[in-house]
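Engineer:
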Amino acid sequence: MVAVAQSGTEADTTDGPGPNLVIEVTGQATGRVVIDLLPEVAPLHVKQITAIAEAGGYDGVVFHRVIDGFMAQTGDVQFGKSGGDLSMAGMGGSELPDIPAEFSAEPFLRGTVGMARSQNPDSANSQFFIMFAPGEFLNGQYTVVGHVIEGMDVVDQIKRGEGQSGAVSDPDVMVDVTVAN
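Those letters in the sequence shown? Residues 50 to 230, by my numbering.
(1) Under the three-state reduction of DSSP, which class applies to residue 99: helix, strand or coil?
(2) Can you give the Cα-Cα distance for residue 55 and residue 159, rounded to whole angstroms?
(3) Any idea what DSSP makes of residue 119, helix, strand or coil?
(4) Excluding the 5 residues preceding and the 5 following residue 111 in the sequence, name in chain order all residues of the same chain whose CB lies nearer than 6 Å to its CB.
(5) Output the boundary residues of the alpha helix (DSSP H) element that contains residue 204.
(6) Identify the continuous beta strand (DSSP E) that holds residue 177 and give its terminal residues.
(7) Three or more C-beta pairs closer than 8 Å, one from the stretch 192 to 201 and one from the stretch 57 to 74: is that the case here?
(8) Measure how close the beta-carbons of residue 143 and residue 116 come, nearest whole angstrom, since I'm counting them as under 8 Å.
(9) Keeping to the same chain, check which residues put their C-beta closer than 6 Å to that of residue 207; ignore five residues upstream and five downstream.
(10) So, for residue 217: in the same chain, excluding its five sequence neighbours on each side, which residues have a beta-carbon less than 8 Å away from its beta-carbon?
(11) For residue 99 versus residue 176, is the C-beta spacing smaller than 8 Å?
(12) Is residue 94 helix, strand or coil when you go by DSSP?
(13) Nearest to residue 150 by alpha carbon, out of 62, 156, 141 and 165?
(14) Leaving out the 5 sequence neighbours to the left and right, which residues in its chain are closer than 6 Å to residue 227 when beta-carbon positions are compared?
(15) Name the DSSP bridge partner or partners of residue 86?
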């Protein structure tokens, strides 16, 4: 297992064996975010994320749920495309099947990337979230898929949502998402 803890609160920014998810963000936040994916921790989830990215599925998808001090969620390729009706954003996935949980001992720290899911632990599909701060209550409950190794300053600028749901009006967009090895 990879050690991701650089300190007690921050995910390691070391570029591991990858692959890396490279996200170009535009909106209130503009810039590049690079996520080192962890196939040794969550092989099925990393395989699905990379397949969606390589097919262009994440291009144009918004950060639909952003809660200050917690996380920024994106990846709804079904209902979260910029320029469309975003009223269902956060409810969809992709054409690929849901993925069984791959819970691990990896902690949720600032910069950790986890898979979003419903109440069913085996319901993750395409949506993921980036932590603004540690979230120990998520440890062992959600699948960790990677950590931000570049562009956390961009993540910090992502437009926040309103209320407890974190729903974002005029959200920031992942305009281009690629995979680099």
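For glycine and all other residues, C-beta sits at the position ideal for the given N, C-alpha and C.
Structural biologist: Quick answer:
(1) Residue 99 sits at position 50 when you count from the first residue of the sequence shown. It is helical.
(2) As a first step, residue 55 is located in the sequence shown; it is residue number 6 there, counting from the start. As a first step, residue 159 is located in the sequence shown; it is residue number 110 there, counting from the start. Caution applies to residue 55, whose pLDDT of 45 falls short of 50 and renders its modelled position unreliable; the model cannot decide the point.
(3) Against the sequence shown, residue 119 aligns to sequence position 70. The answer is coil: DSSP assigns residue 119 none of H, G, I, E or B.
(4) Taking the sequence shown and counting its residues from 1, the one referred to as residue 111 is at position 62. Taken in chain order, the residues that qualify are 129, 131, 220 and 222.
(5) Reading the sequence shown from its first residue, position 155 is the one you call residue 204. Its alpha helix (DSSP H) spans residues 201 to 206.
(6) For the purposes of this step, residue 177 is taken as residue 128 along the sequence shown, with counting starting at 1. For residue 177, the uninterrupted beta strand (DSSP E) segment begins and ends at 177 to 180.
(7) In short, these stretches touch, since the Cβ pair count reaches three.
(8) As a first step, residue 143 must be located in the sequence shown, where it is residue number 94. As a first step, residue 116 must be located in the sequence shown, where it is residue number 67. Incorrect: roughly 23 Å between the Cβ atoms, too far for contact.
(9) Numbered from its first residue, the sequence shown carries residue 207 at position 158. Excluding sequence neighbours, residue 207 sits near 78, 112, 115, 121 and 221.
(10) Taking the sequence shown and counting its residues from 1, the one referred to as residue 217 is at position 168. Hits under 8 Å: 111, 112, 113, 114, 115, 208, 209, 210 and 211.
(11) Taking the first residue of the sequence shown as 1, we reach residue 99 at position 50. Taking the first residue of the sequence shown as 1, we reach residue 176 at position 127. No, the Cβ-Cβ distance between residue 99 and residue 176 is not below 8 Å.
(12) On the sequence shown, residue 94 is found 45 positions in, with the first residue counted as 1. If DSSP states are grouped into helix, strand and coil, residue 94 belongs with the helices.
(13) Mapped onto the sequence shown, residue 150 falls at position 101. For residue 150, the nearest C-alpha among the options comes from 165.
(14) As a working note, residue 227 is residue 178 in the sequence shown. Correct list, in chain order: 71.
(15) In the sequence shown, the residue the question calls residue 86 occupies position 37. As computed with DSSP, residue 86 is found in a beta bridge with 195.
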